[in-house]
Structures are given as C-alpha cells and as structure tokens.
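Before any comments, here is the structure.
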Amino acid sequence: MFFSFLFWLNLLYSPEEVLKKEPPTSPPEIKVKRTTKQKEKEKKKIFFFLGGGFLAGTTAMASMSLLGLCRDYVAERSHDRLLRRFFSGSIAALFLLLLLSPSSRIAKILHVRQKRKLSEVKRPRGPSFSANVHERPPLSVYRKFLFLLRIAVPSLSSREGGTLMIISSLLLLNTYLSLRVLKISGQLSKTVIACDLVAMAKKILVFMVWCLPVALTNSSVNYCVGILTLQFQSNLSRYFYRRYLNQKVFYPLASSHFVEEVDQRMTKDIESWSLSLTGVYTCLFKPLIDVALFTYKVASITGARGSLAILGYHAGFVMFAHTFFPDMERIVSEQLARNGALVTAHQRLISYAEEYVMTQGQNFHRSLMEKYLASIIEHDQWASYVRGGYGIMEIFFLKYGSLLLSSVICGAAVFNKHTEGMSAADLMAFFVETSFLVNKLSFSIGNILKNLRKLFVLHALTNRVYELQEGIEKAIEDGAGAVAGEVVRGNYIEFDRVPIVLPTGEVLCEELSFYVKPGMNLLVVGPNGCGKSSMVRLLGGLWPLQGGRIMRPRNDQIYYVPQRPYMSNGTLRDQITYPLKSSEVGASEATLLHCLELAVFDDIFTKPNITWDSSLSWAGDTLSMGEKQKLAMARLFFHRPRFAILDECSSMMDVEVEERLYSVCYQLGISLITIAHRRSVWKHHNWILRFDGCGGFLFSPITFVSEGVVVLTNVVNASEPFMVGEEVRLDLSQYDV
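Under mature numbering (1 follows the signal peptide of the UniProt record, and there is no 0), residues -20 to -1, 1 to 717 are what the sequence shown spells out, in order.
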C-alpha cells in the first residue's frame, strides 16, 4: 500500500513539489483562503487519492508483483519435464472436454435439426383437411399481440386501463423519489466529509423519512401489477372459454389435432402470457423513463458528450449482440411445447389409471415419460449452453464495461472547469451525485437490454395463445364451409337422404332416410363401424352435414344418455339437474327424490357421507359405473324431454332394473332412439333402423316373433328401393352380446 501510494504520488507531482508540500495547519472544518493553483492541486489530490490512487495503485502493484513472481516461477520450473507435461496435458484435456461436452454436441445436433425444420417450414404445405377453407396468410406476431392486447385491455377507460394508469403514475413517482433520495445521499456525503455530526444526523433522519414513501410506492407497484395480471388472465380466459366451449367449436377442436395441448394453452399459457406482459411493461416502462430523465441529468452535469458516450456504447453493444444473439423465441417455443407434451401425457395417464394398472402398462408408460423427460433435458442443456455463451458477453459489456465507462465520465466531470472553487466536502458530494447519476443511467440502459429477452418469451407465448384463436376460427370455417345440407326445426326427428360421412372422407351410408315421431321407439342395430354413432353425431350437430335434410325439435326436447355418463363437479342436486344448476332450477328435494326412485337409485343415501349437499368426487370411485348410469337416467327423468337417445346407457345394470327404466320412459311419454346390443332391451321398441355394414340400411316397424328374431312388417325406407313395402325377417342374435 505504501509503495503504491508513492508510485501514484510520483506520477502526480514532481519531486520538488513533494518536498515543498507542508502538512495542513488548520482542521478540515476551518476554511482558509487558497490560491487557484493550490485548489487545483487539492482537487487532483482528492480525486486520484480517493478514486484512483488507492484502488488502482494497489491493484497495479499487486498485479505487477504477482506477474513478477509468476515469471520467476515459470523461468525456474521451465526446465522441469514433469511440470511441462502436466501443463500441456491439462490444456489439452480442457480443450478436449470443451469440444466433447454433452452440451456442445447437443448444440450442434439441434442446430442441424432446426435448420432442417426451417427448410421444411419454407416448403409449401399441402391442402388442409377441409378443401372448402382457404389458407389465410400468417399474421405477424405484432398483429397477434395486438389482437390479444385488445382482449386483455378492452379500452383505456376500462378497469384494466385504469390500473395501467395507476401503475404508470406510481413508476413516475418512484423515479421522482429516487432523485430526491439521490440528492439527500449527496448532501449526506457532504456532511460526512465536513465532519459535521449534527448536520449528518439531520440528513440521516431526512433520508429515513424519504425512504418511507419509496417503500410504499414499490409495494403499491407490486400489488397493482398482481391485480393487472389477474385482470388480463380473467379477460383472456373468459373470451376463450366463451368461444371454445361452443357446440360448433369444442368437439371439432378437441377431436382434431390442429392445436396440440389445448388444456395447457387454455390455462398455463394464458396465465404465463398475462404475467409476461405485465412484467415486460413494468421492466421496460420505468427504465425508459429513467433513461430519458437521467440522460438529461447527466448531460446537464457532464455535457452532451457524457450522455452520448453512454448511449453510443450501449448502441454498439446492441449491434454486436444482434450478430451473436441466440434465437430466444425458438428456444422458448420449443421449451413450452415439450413441457406441455409431458403435462398432457401425465393428465391422460391419470384419466386411464384403472386401465393402465389392469393391463400392466407400467413399463410402456415409464419409457414414454422418460422419453418426454429426456427430450426436455436435451433441449434445456442446449438452451443453457447457448445462454451461457451469451451471458459471458452480456456480463462483460453491461457490467464491467459500463462500470469502467462510468468511472471515466465521472473523472472527466470532476476535472471540468465548473468544479473550480469547490471545497473538499462540496467536491465529494458532487462526485457521489455524479457517479450515482452516471451509474443509474448505465444501469437503466442495461436493464432495458437485459429485459429485451422477456420480449422473446412474450413473443413465444403470444404465438401459442393465438394458435387457440386460429384453431377456433378454423373449426368454425370448416363447419360452415363443409355444410351442404339443411337443418330445420320441427316437431319430430327426420333424416331425409342424409349421407353419413366420416371426417376422413369415408362414406358409411350414401343416403340415410328415417324418422322418429312421438310414440315411436327406434332400435338402431348393426355391426361395429357401420354408422350408428355417426348418425347420432350428425343429429347432435357435432359433424357438419354433407347433404340432405335433418329435421329436429328444440335442444331442450332431445336428451342424450351415453354409456359413460359425465359427472360434473358439485353437489348431488347438481348431478341430477345437470346441465342446469340446481340453484337456478329451484327443484324441491321431493322432486329430486322422485327422480331417483324412478331410476331405482333412491338407496344412494345409504352410502356414507352422501347427502343432497355432498360435493364428492362423483367422476371417481364414489359411484360404480352402474350407479353412474342410474344417476344419468335420473337426469333424464328430471328433464323429461320428448325424445331421448340412449347409447348403451344400461349396459352395466341388472336386467330387472333395465326393464323398469324402459317402462318408466314409456310411462313418461319419452320416445327413444336406442343403440344397444343387449337382447333384453329390444322388446321395448316398435321400430328398427338396421345397418348392414356395407352402406345399406333398412327402416321399418317390427314385430318380435321369437327370441332374437324380428319381422320387419313394412319396410318404409331402404338403401335398395325394391325393399320398400316388403316384409323382411331378421335374426338379430348376431348383435347380441
């Protein structure tokens, strides 16, 4: 330390000036008249001693001493053959590890894969699954973002716009308070140099008082940001729920693979997008205000050159980083896609837990999960390798480079002619304030550049969320563009020359014609894959009509009871009144109990912990499949529609219970369209629609002759015209299970 001090002192002053230098005769607090030369020498001495002499001299001498020792050591041991081999082997091993590291290999492999993907993307794509829908030109991410932003913030006068204004005002207030605290910090440093204990205590008290509104402002900003994130998430979720949970959208989008991981996008991605947007706004708005304000402040102290030097330095870094910057958007998009695939796989596994255990599929699903996990790890290793390389450059330029530049600018400001005539305390306060402003400006610009990476995350999330909108629009356009038939409202159900066509284009039946009027019970039979369920999907509007005409009553006059009924979340009352809420219907307990009695399920209350207000896991193991089917029939008896579609709805019930349920349907005047393979059900029907599995059908009233044998007394409609009006004898035992 002593030698470093002498070294810098020798550089600053000639030997004569050092010998002539006398110790001060007055304490620091007593002001003494000094000449201009003495003041200049005092300023130089304070700056170099405090800012450079102490730190730089020590570092320089220590470095020189260390380098000298290393040079002597190397010269002494250079003839040691073992040591030379050790260093040569270490350097070779280091380069070998760098070249053969897993991250570098993964980076090269994935780089080649991504080039292939880009080349595939540039190729013209084939036609979409709907030939009637024209492919739209892809929107830019800017327009996608504006679309989502209009949903998140409907208008500036909305509550979201008000929250944005409050956050902006708080950020501006925070900047103003930072300047006030900065001014007080400079004054506090001045009192410390002047050794004024009373003034220092007052400034400390003032500093603590000003820190209170700063803390309150920061806490208020965090609170408002959290509220704004929830508002964004609420608006986006409600918009997509309203459009996605639509009869014309939900089934086509859920059954197709146009949009993968829909559940992940509807929940996690919307939440992440809202959080990312508020984070980008707060992380960029305040630094931008700080840059504008501190640029003006620095320019007023150091001149325009100081501000231009800082801005030019960071602009050069941006140009340099643009060349070597990793493709963060692609990295984040790939990461979200791979994580979403793993989450979806876990959710599917939970949905089929019983089948998974009973079929001994542990090894298969374990290997599948490990494959997804290995894919995520592989990508994250590559992403870490790329980010690490960029992080070295970022830290070097934005941290140490900007710190060195700030020291140079502060030094130039101290030597400025405007600082002449300042005392030691004033000069110290000026130095502290200037260095804080310059560092704050560099820090704000660095924050903007660092937070630009969040824009790439927002970019990737915008693409994933907007793909939901594209999928919804495509489902609507496919349904509207593919409709070639007509759906009309009537008092009964009728198919008039309706083709049964799968989404793949396979034709199951060219022209299907039949009707179901009140009092008719229609039995639908045929081999697997003949079109029974497809006919129901057309009737329910799940598939677009490719031709012909369908007449059907209002939606509340038709009720569908599947083999695996859906159990909603809620109380036992809600299970019976589904899809209506029990609180909205206002049905009495006596009415609901009567529905359970009709469904032969009034003994449900003998189970433990089950009351009318019980909210249990109805979709889980609380009820058996047969009990769930009984509960679904209780729903049917509660709504009492004119027509009911029963799709294997009693396959898990006892025959006696099944007999009673069909008798109740007859007593309530509910006309049935039944798809069933159990022989015990057939006798409750007086009409039949029989598919032969080769595109043909027969529609006729029936009479049961013997066990499994029916007579079609008068064929009304048939795929072969010559069969109309004929009497046909059929053996249905082939359809019995």
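Beta carbons are placed, not taken as given, at the ideal position from N, Cα and C, and that holds for glycine.
Between the C-alpha atoms of Q537 and F623, what's the straight-line distance to the nearest angstrom? On the sequence shown, residue 537 is found 557 positions in, with the first residue counted as 1. On the sequence shown, residue 623 is found 643 positions in, with the first residue counted as 1. Distance between the alpha carbons of Q537 and F623: 6 Å.
Taking DSSP as the reference, what is the three-state secondary structure of G528? Here residue 528 corresponds to residue number 548 of the sequence shown, with the count starting at 1. Coil.
According to DSSP, what are the bridge partners of N697? Within the sequence shown, numbered from 1, the residue matching residue 697 stands at position 717. Looking at the DSSP assignment, N697 forms a beta bridge with F679.
Skipping 5 residues on each side, what residues in its chain have a beta carbon closer than 6 Å to that of P104? Numbered from 1 along the sequence shown, position 124 holds the residue referred to as residue 104. In this prediction, P104 has a pLDDT of 38, which is less than 50 and means its spatial position is unreliable; what the coordinates show is noted afterwards. Taken in chain order, the list of residues that qualify is empty.
Output yes or no for whether 8 Å exceeds the beta carbon distance between N697 and P681. Counting from 1 along the sequence shown, the entry for residue 697 is found at position 717. Counting from 1 along the sequence shown, the entry for residue 681 is found at position 701. Contact: no.
So does the region 315 to 325 actually touch the region 417 to 434, counting three or more Cβ pairs closer than 8 Å? no
Cα-Cα separation between R14 and T414, rounded to whole angstroms: Locating residue 14 in the sequence shown gives position 34, counting from the first residue. Locating residue 414 in the sequence shown gives position 434, counting from the first residue. The predicted position of R14 is uncertain, since its pLDDT is 44 and thus under 50; a value taken from the coordinates is nonetheless stated next. Near 25 Å, if we compare the C-alpha coordinates of T414 and R14.
Start and end residues, beta strand (DSSP E) containing C629: Working through the sequence shown from its first residue, we reach residue 629 at position 649. Careful: C629 lies outside any beta strand (DSSP E) and carries neither H nor E.
Based on the DSSP output, what are the partners of L503 in its beta bridges? The residue labelled residue 503 in the question sits at position 523 within the sequence shown. Answer is T654 and I668.
Select from H359, L429 and S254 the residue whose C-alpha is nearest the C-alpha of L378. The residue given as residue 378 occupies position 398 in the sequence shown. Checked all of H359, L429 and S254; the closest Cα to L378 is L429.
Report the CB separation of W598 from R553 in whole angstroms; it is logged as a contact under 8 Å. Position 618 of the sequence shown, counted from the first residue, corresponds to residue 598. Position 573 of the sequence shown, counted from the first residue, corresponds to residue 553. About 12 Å; that fails the 8 Å criterion.
R709 to S236, Cα distance in whole Å? Here residue 709 corresponds to residue number 729 of the sequence shown, with the count starting at 1. Here residue 236 corresponds to residue number 256 of the sequence shown, with the count starting at 1. Rounded to the nearest angstrom, the two C-alpha atoms are 41 Å apart.
Suppose the cutoff is 8 Å on Cβ atoms and the five residues either side in sequence are ignored; what does the same chain contact list for Q327 look like? Numbered from 1 along the sequence shown, position 347 holds the residue referred to as residue 327. Cβ neighbours of Q327 beyond the five flanking positions: D243.
Measure from the alpha carbon of K182 to the alpha carbon of each residue in T155, L192 and Q167, then state which is nearest. Stepping through the sequence shown from its first residue, residue 182 is reached at position 202. Comparing Cα-Cα distances from K182 to each of T155, L192 and Q167, the minimum goes to Q167.
Measuring straight from C-alpha to C-alpha, what distance separates D476 and V580? If you number the sequence shown from 1, residue 476 lands on position 496. If you number the sequence shown from 1, residue 580 lands on position 600. Each residue's alpha carbon lies about 38 Å from the other.
So I473 is in the beta strand (DSSP E); what residue range does that whole segment cover? Within the sequence shown, numbered from 1, the residue matching residue 473 stands at position 493. First-last of the beta strand (DSSP E) with I473: I473 to V481.
Does the separation of the CB atoms of I164 and F187 fall below 8 Å? Taking the sequence shown and counting its residues from 1, the one referred to as residue 164 is at position 184. Taking the sequence shown and counting its residues from 1, the one referred to as residue 187 is at position 207. Closer than 8 Å, so yes.
Can you look up E466 in the DSSP assignment and give me helix, strand or coil? Reading the sequence shown from its first residue, position 486 is the one you call residue 466. Note: E466 maps to strand in three-state DSSP.
If you follow the alpha helix (DSSP H) that residue 720 is in, where does it begin and where does it stop? Coverage of the chain is limited to positions -20 through 717, which leaves residue 720 absent and any answer about it impossible.
Through-space distance from Y203 to A132, alpha-carbon basis: If you number the sequence shown from 1, residue 132 lands on position 152. If you number the sequence shown from 1, residue 203 lands on position 223. Cα to Cα, A132 sits roughly 18 Å from Y203.
Output the distance between the C-alpha atoms of C191 and Y546, rounded to the nearest integer angstrom. For the purposes of this step, residue 191 is identified with residue 211 of the sequence shown, where counting begins at 1. For the purposes of this step, residue 546 is identified with residue 566 of the sequence shown, where counting begins at 1. Using only the alpha carbons, I get a separation of about 58 Å.
I'd like to know whether the C-beta atoms of V239 and L448 end up nearer to each other than 8 Å. Residue numbering aside, residue 239 sits at position 259 when the sequence shown is read from its first letter. Residue numbering aside, residue 448 sits at position 468 when the sequence shown is read from its first letter. For V239 and L448, yes; Cβs fall inside 8 Å.
Answer yes if the region 653 to 666 comes into contact with the region 494 to 502, meaning at least three C-beta pairs across the two stretches below 8 Å, and no otherwise. yes
Measuring only the C-alpha atoms, how far is T197 from F265? Position 217 of the sequence shown holds residue 197. Position 285 of the sequence shown holds residue 265. C-alpha separation (whole angstroms): 15 Å.
Can S254 and L216 be called in contact, C-beta distance under 8 Å? In the sequence shown, counting from the first residue as 1, residue 254 sits at position 274. In the sequence shown, counting from the first residue as 1, residue 216 sits at position 236. In this structure, L216 lies closer than 8 Å to S254 by Cβ.
At least three beta-carbon pairs within less than 8 Å, the region 525 to 545 to the region 599 to 613: yes
Cα separation between I530 and K454? The residue you call residue 530 lines up with position 550 of the sequence shown. The residue you call residue 454 lines up with position 474 of the sequence shown. Taking the straight line from one Cα to the other gives about 24 Å.
DSSP three-state assignment for E486, whether helix, strand or coil: Locating residue 486 in the sequence shown gives position 506, counting from the first residue. Three-state result, E486: coil.
Does the region 477 to 495 come into contact with the region 668 to 678, if we say contact requires no fewer than three beta-carbon pairs (one atom in each stretch) closer than 8 Å? yes
Ignoring anything shorter than 3 residues, give me the beta strand (DSSP E) runs that lie fully in the region 522 to 597, in order along the chain. 529 to 532 and 538 to 541
Rounded to whole angstroms, what's the CA-CA distance from T442 to A234? Just pull it up for me. Translated into positions along the sequence shown, residue 442 becomes position 462. Translated into positions along the sequence shown, residue 234 becomes position 254. Each residue's alpha carbon lies about 21 Å from the other.
Taking Cβ to Cβ, would you say A464 is nearer than 8 Å to G371? In the sequence shown, residue 464 corresponds to position 484, counting from 1. In the sequence shown, residue 371 corresponds to position 391, counting from 1. The answer is no: Cβ separation not under 8 Å.
Have a look at S280 and G286 and give me their C-alpha separation to the nearest angstrom. Taking the sequence shown and counting its residues from 1, the one referred to as residue 280 is at position 300. Taking the sequence shown and counting its residues from 1, the one referred to as residue 286 is at position 306. Their Cα atoms are separated by approximately 10 Å.
Is E491 helix, strand or coil when you go by DSSP? By 1-based counting over the sequence shown, the position of residue 491 is 511. Three-state result, E491: strand.
Assigned secondary structure, V637 (DSSP; H/G/I helix, E/B strand, else coil): Counting from 1 along the sequence shown, the entry for residue 637 is found at position 657. Three-state DSSP puts V637 in a helix.
Given this structure, state the Cα-to-Cα distance separating I480 from S137, to the nearest angstrom. In the sequence shown, residue 480 corresponds to position 500, counting from 1. In the sequence shown, residue 137 corresponds to position 157, counting from 1. Roughly 51 Å separates the two Cα atoms.
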